[in-house]
Each structure stands twice: as structure tokens, then as C-alpha cells.
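Visitor: Below you will find the structure I want to go over with you.
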Amino acid sequence: MEGLRRMSKPFFTVYCLIIYAFLLAPIAVVVIASFNAGAFLTFPPQGLSFRWYLVFFNNEVFMRAIRTSLWIAALTTVISGIIGTMAAMFYVTHAGKLKETVRVAMLAPLLLPEVLTAISLLFFVYSVGLGTQNLVGMIVGHVLITLPFVFINVSASMESYDPAWSLAAQSLGAGRFTRFRRIMLPLIKPGVIGGCLFAFIISFDVFTISFMLKGVGMSTLPIQLFDYLRTNFTPEAAAVSTCSIVLTMAVVVISEKVLGLRIHRF
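The numbering of the sequence shown is this note's numbering, which starts it at 19 and goes up by one.
Structure representation (C-alpha cells):
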């Protein structure tokens, strides 16, 4: 049996490498194509150049779209993080017989096709008088689609949380907010951070809901890139996509370094 395990280990390693290569190959193609010195988006590139990055950074339309996407994603992350964490706390500690109902309600946005959710939200924002003249409707849509990811991550972290720890702190005179800040939050922090990271990345890249709820003259980066590719096919599109990938990775790395994902022990 031990010999069989040793023989299968190299095959398993090769299999994993093939899977990773298959998943990362499209990203590698986009990144390499962004350095194309030619006038059209082709692969392999016709020489290497930073030409299209300079064009991209001097394109105020794309810069404005990035700022809009970052602003919406940041606001969505804060709102989804707060609501999702509170919902997960209620689900784990107080839901009781309503647990299944709460779980289905929180995960419902993931069960429907995104285009149907987007159309429903479009009718909703107009029926309540919000319209698409500002960012409120789009932020509501982004919160709706990202909330389940925060809920899932925080709920998973809270499954290992023992309510006796809060009771012990309460017996020592700690208030409700103090118990949450000093006892519960440090223990569920990996789930909160993981859920917020998912919310930020999904909000930054979501297209269908943003497309349906955008106002006149208002575009997020995915929408602007879509509009650009309808009439242009230059390597600038690959440069935009590469910067989006780098920005997403930077958010994940900085969050892990600054906030940390390890559970603090007392």
C-alpha cells in the first residue's frame, strides 16, 4: 500500500499542475497580449511594448470607469459585510426553527440566473422611485448579489464558535458590544475578511446587474470594456484586463497582510 502511494504521488502532482495550467492559461494569454506592439489584439504578440498601457493610463474614460467601479465595490463591501455578518450571527445563534428559512432567503440571489435578478431589480428601482439617475440602484443590486458570499463565509466561521465564551465574558461584566468586539469578532475574523474580499471582487467585476442599472453617462469598468470592444479590437483591452487582474490580486494580498486571516488566540 505504501509503495502504491509513492507511485501515485507523482501522477497526482502532474494532474494538479495540468488543472492549474488549464485554469491560468486564459489569464496568461491576456497578460502576454497586453504587451503587444502591434495595432490589433493578436496572440502571439507582434513584438513587446508598453505602448498600450500608456494609452490606457491616458484614457480618461477608462480611468473614470475604474474610479466608479472602486467606489461602488468599496461601498458594497461595507454594506454587505455589515448585513451579512449580522445575518450570519442571527442564523447561527438565534434562528432556531427558522434556520432553513433564513439560509434559503440569504442564498436566494445565487439560485436565480443573474440576468433575471438584474431585470427584476430594474423594475424594482423604478417602482420605488429610485430610477437609474444615481448610483443607489446599482449599489442595491451589487449588495444583493454579494450578500450571500459574506453570509456563507461568516456562517462557516461561526459554526465553531461556542456561545459559552460570550456568557463567560458577560458574567465578568462585559457589555454586548464589548463581547462582540473582544470575543466574537477576533474569532470569526477570517470569515468576515474572506466574505468581504469575495464581495469586493464580485462587485468590481459584475457586469449584468451593472449594465441593467447604470444611468446615462455612468459606466463601471466591465461595462466600459464591453462598449470599447464593440468598436475597437486593440491591445488596450488586454491592458485594461491585466490591470483589473493586478488590482484584484493587490486587494487580496494587502488585505491579508494588513488585516490578517489567522485567528488570534487568547
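Ideal placement from N, C-alpha and C gives every residue a C-beta, glycine not left out.
Between 75, 166 and 88, which lies nearest to residue 130 when the distance is taken from Cα to Cα?
Guide: As a first step, residue 130 is located in the sequence shown; it is residue number 112 there, counting from the start. The candidate whose alpha carbon is nearest that of residue 130 is 166.
Visitor: With distances taken from CA atoms, which of 223, 257, 247 and 243 is nearest residue 88?
Guide: For the purposes of this step, residue 88 is taken as the residue at position 70 of the sequence shown. Considering only alpha carbons, the answer is 223.
Visitor: Note down the Cα distance separating residue 63 from residue 56, rounded to an integer number of angstroms.
Guide: Here the question's residue 63 lines up with position 45 in the sequence shown. Here the question's residue 56 lines up with position 38 in the sequence shown. Taking the straight line joining both Cα atoms gives about 7 Å.
Visitor: Less than 8 Å between C-beta atoms, sequence neighbours within five positions excluded: which residues of the same chain meet that for residue 117?
Guide: Position 99 of the sequence shown, counting from 1, holds the residue named residue 117. These residues qualify, in order along the chain: 109.
Visitor: At the level of alpha carbons, what is the spacing between residue 77 and residue 159?
Guide: Sequence index remark: in the sequence shown, residue 77 carries index 59 (1-based). Sequence index remark: in the sequence shown, residue 159 carries index 141 (1-based). Distance between the alpha carbons of residue 77 and residue 159 is about 28 Å.
Visitor: Please return the same chain residues whose Cβ sits closer than 6 Å to the Cβ of residue 140, not counting the five positions on each side in sequence.
Guide: Residue mapping note: residue 140 aligns to position 122 of the sequence shown, counting from 1. Hits under 6 Å: 230.
Visitor: Let's test the definition: count the other Cβ atoms within 10 Å of the Cβ of residue 11 and tell me whether it reaches 16, buried, or not, exposed.
Guide: Residue 11 lies beyond the range of the chain shown here (19 to 284); nothing can be said about it.
Visitor: Using a threshold of 9 Å, state whether the C-beta atoms of residue 153 and residue 135 are closer than that.
Guide: The sequence position of residue 153 within the sequence shown is 135, counting from 1. The sequence position of residue 135 within the sequence shown is 117, counting from 1. No.
Visitor: If we count Cβ pairs, one from each stretch, closer than 8 Å, do we get three or more for the segment 98 to 114 versus the segment 198 to 217?
Guide: Contact holds: three or more Cβ-Cβ distances are below 8 Å.
Visitor: With the cut-off set at 9 Å, would you say residue 137 and residue 94 are in Cβ contact?
Guide: For the purposes of this step, residue 137 is identified with residue 119 of the sequence shown, where counting begins at 1. For the purposes of this step, residue 94 is identified with residue 76 of the sequence shown, where counting begins at 1. In this structure, residue 94 does not lie closer than 9 Å to residue 137 by Cβ.
Visitor: Please work out which residues of its chain come closer than 6 Å, Cβ to Cβ, to residue 30, disregarding the five sequence neighbours upstream and downstream, and give them in chain order.
Guide: Taking the sequence shown and counting its residues from 1, the one referred to as residue 30 is at position 12. The answer is none, since no qualifying residue turns up.
Visitor: Since I believe residue 242 is in contact with residue 74 (beta carbons under 8 Å), could you give me their beta-carbon distance rounded to a whole number of angstroms?
Guide: By one-based count along the sequence shown, residue 74 stands at place 56. By one-based count along the sequence shown, residue 242 stands at place 224. The pair is not a contact, with the Cβ atoms about 11 Å apart (cut-off 8 Å).
Visitor: So which of 256, 210, 247 and 90 has the shortest CA-CA distance to residue 105?
Guide: As a position in the sequence shown, residue 105 is number 87, starting the count at 1. Checked all of 256, 210, 247 and 90; the closest Cα to residue 105 is 210.
Visitor: In the DSSP assignment, what are the bridge partners of residue 54?
Guide: The sequence position of residue 54 within the sequence shown is 36, counting from 1. Answer is 66.
Visitor: Please list the terminal residues of the continuous alpha helix (DSSP H) segment that includes residue 132.
Guide: Against the sequence shown, residue 132 aligns to sequence position 114. That run of the alpha helix (DSSP H) goes 132 to 145.
Visitor: Report yes or no: do three or more beta-carbon pairs, one from the segment 39 to 58 and one from the segment 254 to 263, lie closer than 8 Å?
Guide: Contact between the segment 39 to 58 and the segment 254 to 263 is present, because at least three Cβ pairs lie under 8 Å.
Visitor: Note the first and the last residue of the continuous alpha helix (DSSP H) segment covering residue 115.
Guide: For this step, residue 115 is matched to residue 97 along the sequence shown. Unbroken run through residue 115: none, as it is neither H nor E.
Visitor: Where does residue 221 land, buried or exposed, given buried means 16+ other C-beta within 10 angstroms?
Guide: Position 203 of the sequence shown, counted from the start, is the residue given in the question as residue 221. By the neighbour-count rule (16 or more Cβ atoms within 10 Å), residue 221 is buried.
Visitor: Ignore the nearest five residues each way along the sequence and tell me which others in residue 155's own chain have a CB closer than 6 Å to its CB.
Guide: As a working note, residue 155 is residue 137 in the sequence shown. Answer for residue 155: 143, 148 and 231, listed in chain order.
Visitor: Is it right to say residue 42 is buried, meaning 16 or more other beta carbons lie within 10 angstroms of its own, or is it exposed?
Guide: As a first step, residue 42 is located in the sequence shown; it is residue number 24 there, counting from the start. Classification for residue 42: exposed.
Visitor: From this set, 82, 172 and 240, which residue's C-alpha is nearest residue 103's C-alpha?
Guide: Residue mapping note: residue 103 aligns to position 85 of the sequence shown, counting from 1. If we check each option's Cα against that of residue 103, 172 comes out closest.
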